[in-house]
Structures are given as structure tokens and as C-alpha cells.
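Throughout, my numbering is defined as the position within the sequence shown, counted from one, plus 38. Here a beta-carbon is modelled for each residue, glycine too, at the ideal position from N, C-alpha and C. No experiment lies behind these values; they were computed from the predicted model shown. Here the structure comes first, spelled out in C-alpha cells, and everything after it is commentary.
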Amino acid sequence: MAPCNANRFPSRASPPRRPPVTAGRLEGARSSFGSCIPPRAPPATDGALGVYGAPCVTSTHLNGVIVNDIDHRILGNKLGLFHQQQEGPGMVFWHPRGWALYRVLEDYVRMRMRRAGFREIRTPQLLARSLWERSGHWDKFGSQMYALPDRSPIEPSADVDHDDALALCLKPMSCPCHVQVFNQGLRSYRELPIRYSEFGACHRDEPSGSLEGLKRTRAFVQDDAHVFCTKSQIENEVARFCNLLRAVYADLGFSSVTVALATRPMQRAGEEAVWDQAEASLAAAARAAGLEFELSEGEGAFYGPKLEFKLADRRGREWQCGTIQLDFVLPGRLNAHFINAENVQETPVMLHHAVLGSMERFIAILLEHYEGWLPVWLAPEQIVVASISDAHAPYAMRVVQMLDDAGLRVVADCRAERLERKIIDARKLQIPFLIAVGARDERNGTVSIRNRNGDQVTLPLDEAITVLSCEAKAPSP
């Protein structure tokens with residue numbers, strides 16, 4: 039296969055053309071074909087939002103609530119991504135196409151975290167209530183935690199009394215669990231910073247009236263990450279996180295990000311002097327990272343101040359997603375220590391951070407941001423191969439196999455339908471590329487590719503695989 043030539047096609051950042059009124063063969067050189075970025079909607083005026091392929095946004099009733107047709111719940115149903123139902127309130131049933139999208143996003147974040155120096159771990163979902171009491175989460179979040187009796191309790195010990203042995207909780211977040219991993223073995227200052235990441239499955243008993251599709255659920259996965267470091271390492275670790283976050287948001291198509299420094303809340307743990315130090319340290323680290331931020335007084339976590347990152351979508355709506363929190367309290371509560379350069383036990387600083395936050399919520403934001411037309415590298419199915427007639431189905435399946443072997447997400451459409459119907463159906467599912475194969479293609483070893491703008495080009499099969507692989511390549515550092 040020929041190497042990918044990045045100069046043959048428009049930049050991923052370049053705006054694509056609006057779709058033509060009538061789809062025709064691409065005019066000009068092949069190098070003008072292809073675009074990884076979906077068409078943008080026209081600017082909003084008087085509250086009306088333009089949608090690619092439609093003159094305006096239409097409204098739909100969803101559970102008695104009027105929503106527009108670019109609402110992620112409508113898109114999720116239309117594109118066959120997920121559903122929710124009364125028997126699982128606040129839970130998500132992922133369908134094959136939706137789970138493919140989820141895994142692509144998860145794998146991308148995993149790659150980014152690994153290259154940023156994080157080691158992925160996995161921690162339990164059910165833990166004794168005593169751990170959440172020691173961490174302070176029970177006092178703060180107990181009303182939102184799912185607690186249940188242990189029907190096969192452990193024997194009470196000096197560390198766990200009888201009542202605690204009978205009480206288990208589904209974790210609402212992963213931070214106390216990561217401290218337990220850190221605590222296994224005596225740590226030296228030479229090992230710091232230690233960076234852990236986890237796609238942590240969390241549960242929170244959210245009020246039924248607050249549930250909103252993927253944006254507010256009772257079960258979700260969070261890209262939890264924690265850094266254990268010394269005070270002198272705070273500034274560098276915050277800067278590393280900010281650089282990571284900027285890169286991820288840019289790759290996902292979000293260029294407008296604002297930052298807020300959230301300070302001590304009314305209900306908090308720790309002494310005032312500790313909070314003074316934590317807020318000053320985080321503010322200094324943010325400035326050193328070149329961040330401009332506004333103050334959000336009283337909005338910090340109960341254990342420490344935090345930086346909150348809000349991204350703006352194409353309609354100017356802001357979403358708080360990324361966060362980094364400086365914690366001088368929780369490690370001490372859970373007996374985390376390391377041996378410092380003076381051979382004395384010291385409590386590490388803990389940085390909590392998430393880039394996307396809830397995976398489910400971020401997928402909802404992506405769907406609405408792109409109006410369902412996801413970038414090619416994120417699309418659940420990147421290519422559909424359609425046979426023009428039954429006679430060409432074997433060739434279509436060979437093309438599918440070769441594309442699949444090249445690592446592309448491809449499906450076949452060999453139904454006994456007209457090609458026009460197959461094109462319409464692929465467009466409804468917002469699949470970026472359609473390959474049509476007929477007698478001439480089979481005879482010549484070529485394929486005809488149509489992109490989402492309606493542009494068409496015919497290429498030799500090997501060259502087409504190279505072209506499509508370049509178009510579908512995920513961003514990398």
C-alpha cells in the first residue's frame with residue numbers, strides 16, 4: 039500500500055463546502071476530494087439554528103418535552119446509537135453503533151493519557167461504607183450514594199466494625215480507590231510524581247427530574263486520573279494537564295475554552311491555612327501555565343480548590359467538562375505517605391483531574407456540536423460499501439474485507455435495492471463515505487467513492503484504501 043500523502047487532501051481544519059444541490063462527479067483533480075470535518079451550520083439568527091441538509095431545526099416531543107432535532111436524544115435514536123427506558127432510569131443501553139463510537143473515544147483518551155505518563159488501573163465499584171466515611175465523601179455525598187447490605191459480610195476486625203462490614207456502597211467517584219493503590223507499599227520521593235488513570239464506572243442517585251439523556255445519568259464512566267506528587271511538583275503537573283486538555287479539545291473540534299478557579303465552599307474539609315496554601319498554589323500554577331482565569335468563589339470541591347474548563351460548542355453553549363483539583367486533605371485522611379529526601383514520612387499532594395468528565399455526557403456534547411456528522415475518525419461506521427446489483431455483491435464483500443483489514447470501520451450494503459436508496463440510507467445514518475461498486479469497477483479493480491459533500495471520485499482499490507486510511511486516521515500527538 040502506498041504511504042499516506044498528507045498534502046493531497048485539504049487540511050482537517052479547513053472548512054468543507056456546503057453540499058451541492060445535485061450530486062455530480064467531482065470536477066478537477068483528485069486532490070480536491072475528501073473532507074474529515076462535517077459541514078458547519080450557518081450562523082444562528084433570531085434563535086433559529088441552521089442544520090446541514092435541512093432549512094432549519096425542527097422540534098420534536100420527547101417524554102412530553104419539546105426538543106429540537108439536533109438534541110442528542112433525537113440523534114441517538116435516529117442514528118441507532120443508544121436508548122433509555124423506564125426499567126433502567128438514568129441508565130444507558132448502548133447499541134452496536136453507539137458502543138463503537140464510545141470505544142473509539144475511549145481508546146483515543148487512553149492513548150493520550152498513556153503518552154502523558156499515566157498508568158491505567160482498575161478499581162472496585164463496591165466498597166465498604168467505612169472508606170467513604172474516612173474520605174469524607176459519605177458526609178458530602180451520602181444522600182446520592184447507592185448503599186446496600188452485604189449478605190455475606192466479612193468478619194469484623196479492628197479496622198472494620200460490624201455495622202460497616204454490613205454496608206457497601208457503589209462508588210460515585212474513584213479518588214479514594216486510587217489512594218488505596220498508592221498505599222500499597224512504602225513510597226519514596228524518588229518515585230513521585232505517580233500518575234494513575236481509570237475509566238471509572240460511577241453511580242449517583244440523581245433526582246429523577248434532573249435526568250436528561252446522556253447529559254445527566256445515574257450510571258456513567260468518568261475519565262478519572264490522579265497524580266501523587268510533592269508541593270514542588272504542583273506547577274509542572276498542572277501545566278502538563280493544561281497542555282493535555284488543550285490538545286484533546288482541539289482534536290475533538292473545540293477551540294473556545296474558558297477557565298475558572300473555584301475556591302473553598304461553605305462545607306469543606308481541612309483547616310483554613312491549608313486552604314490558603316492550596317488556593318495560592320493552584321492560582322500560581324495556572325498563571326505559570328499561561329492560563330487566564332476568572333474566580334468562581336465557593337464552588338471548589340470539599341477537599342480542595344479546582345480549575346474548571348468550559349468549552350463552547352458551535353451554537354455558543356458552554357459546557358463544563360475538564361477539571362483539575364488540588365487536594366491537601368484526602369491523602370492525609372486516608373494515610374497516604376512517602377519517604378522524603380530527609381528520610382521522614384510526608385503526605386503527598388493529590389491532583390484530581392478529568393479531561394472529558396463523564397464519557398456519556400461528552401458524547402452527547404459531541405453529537406450536538408457536530409449535529410450527528412462526526413469527524414471521520416470518530417464515526418461509528420466510516421464507510422459503507424454498496425453493490426449496484428446482486429451480481430456485484432461478491433466484489434463488494436472483497437472490498438469490505440480489504441478495508442476492514444486496513445483497520446477501517448466498514449459495513450456492506452448488498453440489499454436488493456436501488457443504489458439511490460442505499461445512498462439515502464447511508465446519509466440518514468450520517469456515514470462519511472459510500473463506496474459504490476459495479477461491473478466496471480469489478481473489471482478494472484476500482485471503486486467509486488462518494489463523500490458526505492456529494493463529491494465523487496473513482497480510484498484503484500489499493501489507492502482508495504490509502505486515501506480512506508488517511509482520511510480516517512485518528513489524531514495523534
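Would you call residue i buried or exposed, if buried means 16 or more other Cβ atoms sit within 10 Å of its Cβ?
i, result
"Gln383", "exposed"
"Pro162", "exposed"
"Phe131", "exposed"
"Ala311", "exposed"
"Gly247", "exposed"
"Ile473", "buried"
"Lys269", "exposed"
"Pro418", "buried"
"Leu446", "buried"
"Glu398", "buried"
"Pro245", "exposed"
"Leu164", "exposed"
When DSSP labels each residue in this structure, what does residue i get in the three-state scheme?
i, result
"Arg488", "strand"
"Val265", "strand"
"Phe340", "coil"
"Ala51", "At Ala51 the pLDDT is 36, less than 50, meaning the model places this residue with poor confidence; the figure from the coordinates comes in the next sentence. In the structure shown, Ala51 sits in coil (DSSP, three-state: anything other than H, G, I, E or B)."
"Met39", "With a pLDDT of only 47 at Met39, under the threshold of 50, the placement of this residue in the model should not be trusted, and no figure is reported."
"Lys209", "coil"
"Ser514", "coil"
"His133", "coil"
"Phe292", "coil"
"Ala450", "strand"
Measuring CB to CB, does residue i end up less than 8 Å from residue j?
i, j, result
"Arg490", "Pro513", "no"
"Tyr227", "Ala326", "no"
"Ala1", "Phe331", "Limits of the chain in this structure are 39 at one end and 515 at the other, which puts residue 1 out of reach."
"Arg167", "Ala185", "yes"
"Pro210", "His175", "yes"
"Gly128", "Leu283", "no"
"Cys213", "Trp170", "no"
"Val422", "Val475", "no"
"Gln260", "Gly238", "yes"
"Phe258", "His391", "no"
"Leu441", "Ile503", "yes"
"Arg431", "Cys452", "Here residue 431 is Ala; the residue named in the question, Arg, does not match the sequence. Yes; because the gap between Cβ atoms is below 8 Å, this pair is in contact."
Can you grab the Cα-Cα spacing for the pair residue i / residue j, in whole Å?
i, j, result
"Val393", "Ala322", "21 Å"
"Met151", "Ser235", "7 Å"
"Arg135", "Arg355", "26 Å"
"Leu457", "Tyr433", "15 Å"
"Asp188", "Ala205", "6 Å"
"Arg371", "Ala318", "22 Å"
"Ile272", "Lys116", "46 Å"
"Ile159", "Arg465", "40 Å"
"Asp500", "Leu139", "26 Å"
"Asp428", "Leu119", "29 Å"
"Ala374", "Asn381", "16 Å"
"Ala444", "Phe347", "37 Å"
"Glu125", "Asp243", "15 Å"
"Ile75", "Thr296", "Confidence at Ile75 is low in this model, with a pLDDT of 33, below 50, so its placement is unreliable and the value that follows should be read with caution. The alpha-carbon atoms of Ile75 and Thr296 are separated by roughly 23 Å."
"Ala300", "Ala324", "12 Å"
Which whole-angstrom value describes the C-beta separation of residue i and residue j, a residue pair presumed to lie in contact below a C-beta threshold of 8 Å?
i, j, result
"Leu349", "Ser294", "7 Å"
"Cys267", "Pro386", "6 Å"
"Glu509", "Val448", "Actually they do not touch by this definition, with Cβ atoms about 13 Å apart."
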